[in-house]
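Take a look at the structure set out below.
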Amino acid sequence: MTDFEWTRQQFDLPEGMIYLNGNSLGPMPRASVPAMTNFLTDEWRTELIKSWNTKNWFTQTNTLGDRVGHLIGAGAGTTVVGDTLSIKVFQAVAAGMAMVPERRVVLSDSGNFPTDLYMVEGLMKLKDAGYTLHTPAPEDVMEAITEEVGVVMLTEVDYRTGRRHDMKAVIEKAHAVGAVVVWDLAHSAGAVPVDVGGFDTDFAIGCTYKYLNGGPGAPAFIYVAPRLLETVEPFLSGWYGHEAPFAFDTDYRPMPGKIERMRIGTPSIASFALLSVALDIWDKADMGEVHAKSIELSELFIREVEARCPGLKLVSPRDPAARGSHVSFAFEHGYAAMQALIADNVIGDFRAPDVMRFGITPLFVNEADIIDAVDKLERILEEERFKDAEFQKRALVT
Ligand SMILES: *Cc1c(COP(=O)(O)O)cnc(C)c1O
């Protein structure tokens with residue numbers, strides 16, 4: 002049984018803050034400070050370059066990859082961490098295109114996170130081979146999976162609305178028409194149970210700084226189906242993916258048959274120390290129980306907001322099974338209302354054009370937080386505090 006009192010205690014949240022933004026940047030585990038101090042003093046300062054061997058720096062891409070993989074249903078040896086998610090989008094889609102070289106359509110959806118679409122645009126330009134990117138509305142994706150499509154690249158949980166694709170159904174249909182599937186699990190890993198191995202997706206990618214609480218700029222991950230490890234093309238062919246990195250050959254030869262071939266170059270080892278202690282908390286949590294609790298808290302939140310905050314309109318699916326672990330409401334004065342809420346120490350965020358977004362993260366958010374947050378929101382609306390001049394100015398990051 003997941004002890005949610007215990008997991009809550011593992012995070013060092015500022016006194017009085019209600020943090021409903023763990024879907025965007027997870028909070029800091031208490032163990033982060035000693036872990037970073039240890040990394041600096043016992044590893045970098047003391048062992049210096051020896052640490053690559055003595056502190057296993059070189060293999061952390063894989064040991065941490067396996068630990069992240071465990072949370073998404075990936076078997077050992079199929080997931081590595083490193084680089085950023087944008088890079089992993091490029092890497093996975095490029096590899097997917099090469100598996101179906103005669104097809105020229107990449108299918109995504111209009112709700113995908115822009116960087117995923119931008120990276121594919123750049124990749125298509127580089128290939129200069131008549132590719133097109135289709136982005137139908139999320140609800141039209143299933144019927145758009147046709148024999149024209151080479152790669153289906155979708156984000157399981159929509160970053161704005163929380164709408165969740167049916168992963169299993171998409172994979173089955175895509176494979177039936179001979180397409181390759183890339184899932185972006187940025188808003189799934191640590192949010193909802195995922196079974197990349199059981200559903201037999203070709204690729205999965207994601208980041209570890211959202212629900213996994215790995216810290217700002219924490220490494221991304223990539224999963225490759227075991228059946229592809231022998232043949233998958235690592236187009237970003239860096240020395241870290243080479244068969245023998247320390248042979249320093251002038252020619253690239255990918256690591257045969259292993260996920261190492263999807264590594265690129267020297268990763269941010271300092272951030273690995275932070276990811277490791279964040280995953281220690283996840284080791285004590287059951288993903289099914291975390292999801293069940295997320296549904297309970299989300300239902301409470303939706304009920305309270307709808308009862309007490311007129312003007313806010315639910316844009317997330319009402320059916321919990323069709324939703325990730327964040328809840329979004331549209332509101333005409335959404336940006337200013339969110340700024341007022343943040344000033345009251347309830348942290349959510351805003352996504353253009355009018356969406357107030359709240360991450361529901363049971364590892365450190367409980368029922369009392371949900372009620373307190375809605376109390377504050379209700380008062381802001383009653384007092385029309387969103388009209389205050391101080392809440393109108395747009396910050397660089399929303
Ligand atoms: C958060 C997120 C990203 C961010 O990519 P970075 O390279 O880490 O900046 C990309 N795609 C999706 C779907 C996301 O939710």
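Numbers in my numbering are just positions in the sequence shown, counted from 1, shifted up by 1. From the three backbone atoms N, C-alpha and C, an ideal C-beta is built for every residue, glycine too.
Relative to ligand 1, is the shortest distance from any of its heavy atoms to the C-beta of residue i smaller than 6 Å?
i      : result
Tyr212 : no
Phe114 : yes
Asp185 : yes
Leu86  : yes
Asp350 : no
Thr399 : no
Asp1   : Beyond the ends of the chain as shown, which are 2 and 399, falls residue 1; an answer cannot be given.
Thr156 : yes
Tyr336 : no
Tyr20  : no
Cys208 : yes
Tyr224 : no
Tyr241 : no
Tyr253 : no
Tyr160 : yes
Just to confirm the assignment, what range does the beta strand (DSSP E) spanning residue i have?
i      : result
Val398 : That residue, Val398, is in no beta strand (DSSP E); it is neither H nor E in DSSP.
Tyr224 : Ala221 to Val225
Asp185 : Val181 to Asp185
Gly360 : Val356 to Gly360
Thr80  : Thr80 to Val82
Looking only at its chain, what residues have a beta carbon closer than 6 Å to the beta carbon of residue i, apart from the 5 residues adjacent to it on each side?
i      : result
Asp13  : Met29 and Arg31
Thr3   : Ala286, Asp287 and Glu290
Ala344 : none
Ala323 : Arg165
Glu231 : Gly258
Asp67  : Ala77
Ser238 : Tyr253
Could you check if residue i is buried or exposed, using at least 16 other CB atoms within 10 Å of its CB as the buried criterion?
i      : result
Gly216 : buried
Thr42  : exposed
Asp284 : exposed
Thr79  : buried
Trp58  : buried
Lys174 : buried
Ile50  : exposed
Asp320 : exposed
Asn54  : exposed
Pro268 : buried
Starting from the C-beta of residue i, find all residues in its chain whose C-beta is less than 8 Å away, skip the five residues before and the five after it, and write them out in chain order.
i      : result
Glu157 : Arg165, His166, Met168, Trp184, Asp185, Leu186, His188, Ser189, Val193, Val195 and Gly325
His292 : Ala192, Val193, Pro194 and Ser326
Gly199 : Gly74
Ile381 : Ala338, Ala341, Leu342, Asp345 and Phe387
Val375 : Phe302, Glu305, Val306, Arg309 and Cys310
Ala23  : Here residue 23 turns out to be Gly, not Ala, going by the sequence shown. Contacts found: Lys211, Tyr212, Asn214, Gly360, Thr362, Leu364, Phe365 and Val366.
Asn63  : Gly78, Val81, Ile260 and Glu261
Leu298 : Ile361, Pro363, Val366, Asn367, Glu368 and Ile371
Glu333 : Gly312 and Asp355
Phe114 : Thr156, Tyr160, Asp185 and Ala187
Which residue marks the beginning of the alpha helix (DSSP H) containing residue i, and which one marks its end?
i      : result
Thr8   : Phe5 to Gln10
Arg304 : Met288 to Arg309
Thr55  : Ser52 to Thr55
His71  : Gln61 to Leu72
Pro35  : Ser33 to Asn39
So, for residue i: in the same chain, excluding its five sequence neighbours on each side, which residues have a beta-carbon less than 7 Å away from its beta-carbon?
i      : result
Asp370 : Ile19
Glu48  : Thr55 and Lys56
Ala205 : Ile73, Trp184, Leu186, Val197 and Tyr224
query: Where are the beta strand (DSSP E) runs, 3 residues long or more, that stay fully inside the region 248–279, in chain order?
result: none
- request: Report the residue ranges of all beta strand (DSSP E) runs contained in full by the region 84–124; include only those spanning at least 3 residues, in chain order.
  value: 106–108
field: alpha helix (DSSP H) segments (min. 4 residues) lying fully within the region 135–207
entry: 142–145, 168–177 and 197–200
task: May I have a chain-ordered list of the alpha helix (DSSP H) segments no shorter than 4 residues that lie completely inside the region 320–395?
output: 335–344 and 368–383
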